[in-house]
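Asks: If you're matching them up, the sequences are chains A and B in order.
Reading the first sequence from the start, the letters are residues 1 to 114 in my numbering.
Reading the second sequence from the start, the letters are residues 115 to 226 in my numbering.
Note that beta-carbon positions come from the ideal geometry of N, C-alpha and C, so glycine has one too.
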Amino acid sequence: NAGVTQTPKFQVLKTGQSMTLQCAQDMNHEYMSWYRQDPGMGLRLIHYSVGAGITDQGEVPNGYNVSRSTTEDFPLRLLSAAPSQTSVYFCASSYTPRSNYGYTFGSGTRLTVV
Amino acid sequence: ILNVEQSPQSLHVQEGDSTNFTCSFPSSNFYALHWYRWETAKSPEALFVMTLNGDEKKKGRISATLNTKEGYSYLYIKGSQPEDSATYLCASEKGGGNKLTFGTGTQLKVEL
């Protein structure tokens, strides 16, 4: 049981490049979400999904796209990377949006945009 | 309270001390309060999810209480051990949505 798997763990991009951060879970969780973590700030929600085919914006969605074609996968796409997107990105999932077990987090992707 | 606020920002205690942290959150339209433990170089792990006013939960030496009317939760650690060193995050979930709002965390260091 791998839980939530994020790839890559580290990435350096040049300004303007695009890339996809991968997130996969094997727990049959319906709810998946992406957060970014910046120094001095709490985890901030970028996008989330309550099931395959359904996505919605979080607190800081600009510059990011998501899709949810399967229950297992929830990739985050950076369309044109900017230095302001330098951050640590976490994917999290739960069985339901209101799970009493809390969220399971991946190990994070540290992204640097130069 | 408009956002989720945690205090103190950081805390150094000696092994064996008991300690507690505070999480303040908007009490309007409240649904749930989450606590997570986040060790360095790892990912956050869920400790508790509480929904009812007056709720108390316990896991080993760690316990938490919830007051939804005044919008606060306390996390207690009894007899702190070095392995308790971590950042403790709380997050509030409002009714009608699917979003958690996180505080900035309390960083605990337990020294021998």
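Please work out which residues of its chain come closer than 7 Å, Cβ to Cβ, to A/Ala2, disregarding the five sequence neighbours upstream and downstream, and give them in chain order.
Replies: Residue mapping note: residue 2 of chain A aligns to position 2 of the first sequence, counting from 1. Taken in chain order, the residues that qualify are Asp26.
Asks: Cβ of A/Ser78 within 7 Å of Cβ of A/Ser18?
Replies: Start at 1 with the first residue of the first sequence, and residue 78 of chain A comes out as number 78. Start at 1 with the first residue of the first sequence, and residue 18 of chain A comes out as number 18. What sits at residue 78 of chain A in the sequence shown is Leu, not Ser. In contact: A/Leu78 and A/Ser18 (Cβ atoms closer than 7 Å).
Asks: Under 7 Å between the Cβ atoms of B/Gly217 and A/Gly42?
Replies: Residue 217 of chain B sits at position 103 when you count from the first residue of the second sequence. Residue 42 of chain A sits at position 42 when you count from the first residue of the first sequence. It is a contact, given that the beta carbons lie within the stated cut-off.
Asks: Kindly indicate the opening and closing residues of the beta strand (DSSP E) around B/Tyr186.
Replies: Along the second sequence, one-based indexing puts residue 186 of chain B at 72. Counting along the chain, the beta strand (DSSP E) containing B/Tyr186 begins and ends at 186-191.
Asks: Would you please state the rounded distance, in angstroms, between the beta carbons of A/Ser80 and A/His29? I believe it to be under 8 Å.
Replies: The count along the first sequence starts at 1 and reaches residue 80 of chain A at position 80. The count along the first sequence starts at 1 and reaches residue 29 of chain A at position 29. In this structure A/Ser80 does not touch A/His29 by the C-beta definition: roughly 30 Å separates them, more than the 8 Å allowed.
Asks: Using Cβ-Cβ distances below 8 Å, what residues of the region 142-167 of chain B are close to chain C?
Replies: Among the chains of the structure shown, chain C does not appear; the protein chains present are A and B.
Asks: Using the rule of at least 16 other Cβ atoms within 10 Å of the residue's Cβ for burial, across every protein chain shown, is B/Ser132 buried or exposed?
Replies: Translated into the one-based positions of the second sequence, residue 132 of chain B becomes position 18. It counts as exposed.
Asks: For A/Val113, report the span of its beta strand (DSSP E) as first-last.
Replies: If you number the first sequence from 1, residue 113 of chain A lands on position 113. Under the DSSP assignment, A/Val113 falls in the beta strand (DSSP E) whose first and last residues are 109-113.
Asks: For B/Leu189, which residues in chain A fall below 9 Å Cβ to Cβ?
Replies: For the purposes of this step, residue 189 of chain B is identified with residue 75 of the second sequence, where counting begins at 1. Within chain A, no residue comes near B/Leu189; the closest Cβ sits about 14 Å away, beyond 9 Å.
Asks: Is there a Cβ from chain A that is less than 7 Å from the Cβ of B/Phe139?
Replies: Position 25 of the second sequence holds residue 139 of chain B. No, no contact with chain A.
Asks: Please confirm whether B/Asn134 and B/Tyr188 have their CB atoms less than 7 Å apart.
Replies: Indexing the second sequence from 1 puts residue 134 of chain B at position 20. Indexing the second sequence from 1 puts residue 188 of chain B at position 74. Yes, Cβ-Cβ distance for B/Asn134 and B/Tyr188 is below 7 Å.
Asks: For the beta strand (DSSP E) containing B/Lys172, name the first residue and the last one.
Replies: Reading the second sequence from its first residue, position 58 is the one you call residue 172 of chain B. Start and end: 170-173.
Asks: Taking any Cβ of chain B, which residues in the region 63-76 of chain A have a Cβ under 7 Å from it, in chain order?
Replies: Here the close residues number zero.
Asks: Quick check: is the beta carbon of A/Phe105 nearer than 7 Å to any beta carbon in chain B?
Replies: The sequence position of residue 105 of chain A within the first sequence is 105, counting from 1. So yes, A/Phe105 belongs to the interface.
Asks: In whole angstroms, what separates the C-alpha of A/Asn100 from that of B/Thr165?
Replies: On the first sequence, residue 100 of chain A is found 100 positions in, with the first residue counted as 1. On the second sequence, residue 165 of chain B is found 51 positions in, with the first residue counted as 1. Cα to Cα, the separation comes out at about 9 Å.
Asks: So if I threshold CB-CB distances at 8 Å, which residues from the region 198-215 of chain B count as touching chain A?
Replies: Leu203, Ala205, Glu207, Asn212, Lys213, Leu214, Thr215
Asks: Flag A/Leu45 as yes if its beta-carbon sits less than 7 Å from any beta-carbon of chain B, otherwise no.
Replies: Counting from 1 along the first sequence, the entry for residue 45 of chain A is found at position 45. Under the 7 Å criterion on CB atoms, A/Leu45 is classed as interfacial with respect to chain B.
Asks: Does any CB atom of chain B fall closer than 7 Å to the CB of A/Asn100?
Replies: Walking along the first sequence from the start, residue 100 of chain A turns up at place 100. With 7 Å as the cut-off, A/Asn100 counts as an interface residue toward chain B.
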